[in-house]
Amino acid sequence: MREVVAGIGCRPLCAAQEIEALLRRAEALAGCRATRLAVPEFRAGTAGPREAAGRLGLPIQPVPRVALEAEQPRCPTHSAASLRATGLASVAEAAALALAGPGGRLVLPRIASANATCALATGPA
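Per my numbering, the very first residue in the sequence shown carries number 341; after that it's consecutive.
Dropping the structure here:
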């Protein structure tokens, strides 16, 4: 089975329960299960993503800003709100693609809840 990376973007005070529910929704939509959680380095220290990873039993991996920036051209979703808040038009998609590696592709483009976003990516076949 190929690895499926869940990229997560969220507001600083986003609750773990919201991230968990959004990821489960993404998995149901895509028909696959995430094996890793990718979060932007600037959110890696916040409680929501860390707690969600623990609740989900998934390893969490921070993604450096430079890697998120490098993936922006491959992201189909562009959020003006995200751009204003983070300087990045897409966080979840970029995080997922960055960890999926070269040749990775989105399995599910970004979906959103009130305070979080989630995208799923997998590496090359």
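C-beta atoms are modelled at their ideal positions from N, C-alpha and C, and glycine is treated no differently.
In chain order, what are the residue ranges of uninterrupted alpha helix (DSSP H) at least 4 long that sit wholly in the segment 372-427?
List check, alpha helix (DSSP H) in window: 387-396, 405-411 and 420-426.
In the DSSP assignment, what are the bridge partners of Ala346?
DSSP output for Ala346 lists Leu377 and Leu460 as bridge partner(s).
List the endpoints of the continuous beta strand (DSSP E) containing Ala452.
Element bounds for Ala452: Arg445 to Ala452.
Measure the CB-CB distance between Ala456 and Leu362 and report whether it falls below 8 Å.
Yes; because the gap between Cβ atoms is below 8 Å, this pair is in contact.
How is the alpha helix (DSSP H) around Arg351 delimited, first residue to last?
DSSP places Arg351 in no alpha helix (DSSP H); its state is neither H nor E.
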